[in-house]
Amino acid sequence: MHSMDTTRLDLADSAAPEARVRLAGLLEMLEDRLLAMILEYARERGYTRHTSTLVEDWRVSIRRTTTILSEALREARPLELSPGDDYASDPVAAFGIEQARRHRGRGVGMGMFLGLFKYYRQIYRQVARETASDQNEAALFERLLDRLFDRMEIGLCLEWADEDFDERVRTLREVNLALTNEKNKFLTLYESTSTPIFLVDTDGVLVTCNLAAARLLRHTGRPGERYFEIVHEEVLYGNADPSWCSGMPLADAAPWLAGDVSGFLLSEAASRRSEVECMVAGALRTYQVTLSRMQDVSEKFSGAVVEVADVTLLRAQEREVREGRGTLQRILDAIGAGILVVDPETLQIISGNRKAADIVGQNREELIGDSLESLQCLDPRGGGISMRDLIDKGAVQKDLRLTRPDGSVLPVSLSLLTGPMQGELKIIVVLFDISRQKDMERQLMQSQKLESIGQLAAGIAHEINTPIQYVGGNVEFFETAFAVYDRVVGALIASLERECSQHEAAAEAVRRARSELALYREETPEALEQTREGVERVATIVQAIRRFSHPGGEGRRPLDLNKTLRNTVEVARNEWKHVAEIAFDLDAELPLVWCSPGDINQVLLNIVVNAAHAIAEKVKKEGGQGRITVRTRREGDEAVVAINDTGKGIAPEHKDKIFDPFFTTKAPGMGTGQGLAIAHAIVERHRGTIGFESTPGQGTTFVVRLPLGEPEPVGDKEIP
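Residue numbers for the sequence shown follow UniProt numbering, so the first one is 1 and each next one is one higher.
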């Protein structure tokens, strides 16, 4: 029997180091399990009513106990008990001594503390048994823990056994003084905080509140008044009068809080936050109410803590910020520049205004979150440009061509800025649509070019006109002279024939002369007619050049563009009737336009004829029938004429030359290249504009804009 007991007692110290280390690791990993079990035991047996109210205090106790056990297991020191052991120098027993001293100082009796300590031993043994790999290891783990807890309990008992009455009183006095100082510290903190704090029980009855809460309820309290009043009256005299708040339903003390608090108490939520508005001192205030359940595992205290923060100023500032952001966004959406905010690291687009989305050709929702590098930009020569390269090079401003998702190309001016936004550095991309600017530049260059050509043409026309007038006059003279000559020579030959009828030789000579003259009499009038027509053709060209140089020679009168367009289309019927159909979309309310009717007719006729020719070329190759659509409308102070055709379109390389004099894409003999050049000059003289949009293979739309509202000259009448 003695031998068997010796074997059993040696089991703990003979355990392999690996088993001791494994047990230490398991205990460290299972802290939450140990905590849950000790709380369950403590609640069931009533220990929580005499201990800490906070779960974390229990966690600290479990953690310190586990640490002492783990260190002892890993250090492999002997665990069995010997008669000569110095328990004061043993870390495990010393931990028991320390715990006994601390709890004794708080007024805890040995029986209560030792009883709770027995539950500690029980949960550690149970956890070890549950996590052991087999029964042998479970028995080993339990023996190791028994010896460690034996040492702790020996230290605990030694501390209590060595205590005398005077020492106990002295210890209690020291602990009470420390507790009083600690209590005063937290009371001062509680009363000094500027946030109103209420404590209500589970029925919504106000238990207490701090000074800030009292002042919120218009009570003129003093820091600590409620606490010291209760201590003085109840503890010393036992006859405290109910204070202004204790026992008062919160619905009476602060009706504006009652609804949120009662709803919270009826729920199972651990915390809740809401906002309420109420009148305080005649002003509307906004309060943020935070409700939290009492964190008390001992169940000595129950109810809720109510924190009330005045957020009136904060909400007003937030409203100002929101309104400012809204105003800023409206301003950004209203300006003519596209604004993109970009992350400098990822180049992700964080935000952008409506104009930026319009320029890029995407919805704003699609644009946000996209990468700036997804924008397809070309330099003026058509080469691709990387946005990352622009940023890395520190480019400040650059004109680019932006290819949009629909395939259209838009000239843009791009500027890059950097600056902080909400505490972080961001890249600001500013985009301007400069297509109108580029159009105006092209129009200006075209006007300057046409002006120079016009001056040259005027000089050429003048130089040609004078000699051609001589030629024309001489042709008329030759025609008249030849008619007289023909008549005289004819009469002379007839007379000679009569006189020489009796003389054969003379008669033969006259016949030969008549025969020779007959050839010239037949061809000369035709030659003179061709010469006259050529002179007239040259004169017409000269006149066209002069009209190009100085259009608008006739007086300006009010013109009905709708009626003029119908007449013009009818005049050009032979050009379009076999290849196209005509559609009119005319604004019946379009005002009369003051203009030179002949000049404007010439412009419109030229566009319609060109449209018919463009359709004819396409129909010749592809067959079918085209369509010419004529529209009018009013836009502001302008009358707008748009003539669309479904012809072959204008090649990109020809677009910059369309209004150049003598430029034509028609077959030889089909055009002089003067029509659109003259049309451009005429419209410009009327302070209007002429432009076009064209897609090769799909058609072209010419748009003429003429100003409205010119004062009506006296005596002018509408052109029928």
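Where is the CB? At the ideal position from N, CA and C, for every residue including glycine.
Can you list, in chain order, the residues of its chain whose CB lies under 7 Å from that of residue i, leaving out five sequence neighbours each side?
| i | result |
| --- | --- |
| Leu592 | Pro558, Leu559, Asp560, Glu718 |
| Ala651 | Pro696 |
| Leu148 | Leu69, Ala72, Leu79, Val92 |
| Arg8 | In this predicted model, Arg8 has a pLDDT of only 45, less than 50, meaning its place in the structure is not dependable; the value taken from the coordinates is given anyway. Hits under 7 Å: none found. |
| Leu158 | Tyr87, Ile97 |
| Ala357 | Asn363, Arg364, Leu367 |
| Ala614 | Asp645, Gly647, Lys648, Thr700 |
| Arg404 | Val360, Gly361, Leu410 |
| Ile468 | Val535, Val538, Ala539, Val542 |
Can you find the residues in the same chain that come closer than 8 Å, C-beta to C-beta, to residue i, ignoring five residues on each side of it along the sequence?
| i | result |
| --- | --- |
| Leu34 | Leu27, Ile62, Thr66, Ile123, Tyr124, Val127 |
| Val311 | Glu275, Thr286, Tyr287, Gln288 |
| Arg129 | Ala138, Phe141, Glu142 |
| Met37 | Ile123, Gln126, Val127 |
| Leu30 | Val127, Thr131 |
| Val510 | Ile493, Leu496, Glu497, Cys500 |
Which term fits residue i, buried or exposed, when burial requires 16 or more other beta carbons within 10 angstroms of its beta carbon?
| i | result |
| --- | --- |
| Pro17 | exposed |
| Asp637 | exposed |
| Cys278 | exposed |
| Thr700 | buried |
| Asp90 | buried |
| Ala481 | exposed |
| Val535 | buried |
| Leu313 | exposed |
| Asp645 | buried |
| Phe659 | buried |
| His503 | exposed |
| Leu291 | buried |
| Arg20 | buried |
| Phe477 | exposed |
| Leu328 | exposed |
| Asp57 | exposed |
| Gly647 | buried |
| Asp599 | buried |
| Pro196 | buried |
Only counting the same chain, and skipping five residues up and downstream in sequence, which positions put a Cβ closer than 6 Å to that of residue i?
| i | result |
| --- | --- |
| His232 | Annotation note: pLDDT 38 at His232 (below 50); position unreliable, coordinate value reported separately. Nothing meets the Cβ criterion. |
| Ile690 | His680, Val683, Val704 |
| Ala258 | Leu250, Ala251 |
| Glu693 | Thr701 |
| Pro411 | Arg401, Ile434, Ser435, Lys438 |
| Leu156 | Gly96, Ala100 |
| Ala24 | Ser70, Leu73, Arg74 |
What whole-angstrom Cβ distance do residue i and residue j have, given they're in contact under 8 Å?
| i | j | result |
| --- | --- | --- |
| Gly697 | Gly649 | 6 Å |
| Glu153 | Phe117 | 7 Å |
| Ile427 | Val289 | That pair is no contact at about 42 Å. |
| Val308 | Leu206 | Wrong, their Cβ atoms sit about 13 Å apart, outside the cutoff. |
| Ala642 | Leu708 | Incorrect: roughly 16 Å between the Cβ atoms, too far for contact. |
| Arg556 | Cys595 | 6 Å |
| Val569 | Val603 | Between Val603 and Val569 the Cβ distance is about 14 Å, and since that is not below 8 Å, they are no contact. |
| Ile349 | Val430 | Between Val430 and Ile349 the Cβ distance is about 14 Å, and since that is not below 8 Å, they are no contact. |
| Phe264 | Arg272 | 5 Å |
| Ala616 | Val579 | 5 Å |
| Val484 | Thr531 | Their Cβ separation, rounded to whole angstroms, is 18 Å, which puts Val484 and Thr531 out of contact at 8 Å. |
| Glu182 | Leu211 | So it is not a contact: roughly 20 Å between Cβ atoms. |
Cβ of residue i within 6 Å of any heavy atom in the ligand GDP?
| i | result |
| --- | --- |
| Glu142 | In the structure on display, the ligand GDP does not appear, and there are no ligands present to speak of. |
Practice problem: Evaluate the contact criterion for the region 562-572 versus the region 521-532: three or more CB pairs, one atom per stretch, below 8 Å. | Solution: no
Quiz item: Which runs of the alpha helix (DSSP H), 4 residues or longer, sit entirely within the region 243-297?
Solution: The region 243-297 contains these whole alpha helix (DSSP H) runs: 250-253, 255-266.
Quiz item: If you pair each beta-carbon of the region 69-84 with each one of the region 131-141, do three or more pairs fall below 8 Å?
Solution: The way I'd put it, the region 69-84 doesn't touch the region 131-141; fewer than three beta-carbon pairs between them come closer than 8 Å.
Practice problem: Could you say if the region 196-207 and the region 299-319 meet the contact criterion of at least three C-beta pairs nearer than 8 Å? | Solution: yes
Practice problem: Kindly confirm or deny that the region 581-595 and the region 621-633 touch, where touching means at least three C-beta pairs closer than 8 Å. | Solution: yes
Quiz item: Considering only residues of the UniProt domain "PAC" (396-446), which uninterrupted beta strand (DSSP E) runs meet the minimum length of 3 residues and lie entirely inside it, listed in chain order?
Solution: For the UniProt domain "PAC" (396-446), whole beta strand (DSSP E) runs of length 3 or above, ordered along the chain, are 397-403, 409-421, 424-433.
Self-check item: Minimum length 3: unbroken beta strand (DSSP E) runs contained in the region 90-125
Solution: List check, beta strand (DSSP E) in window: nothing returned.
Quiz item: If we count Cβ pairs, one from each stretch, closer than 8 Å, do we get three or more for the region 321-332 versus the region 417-426?
Solution: Touching, no.
Quiz item: Which runs of the alpha helix (DSSP H) fall wholly inside the region 333-381 and span at least 4 residues, in chain order?
Solution: 354-360, 364-367
Practice problem: Ignoring anything shorter than 3 residues or poking outside the region 628-667, list the beta strand (DSSP E) runs there in chain order. | Solution: 638-645
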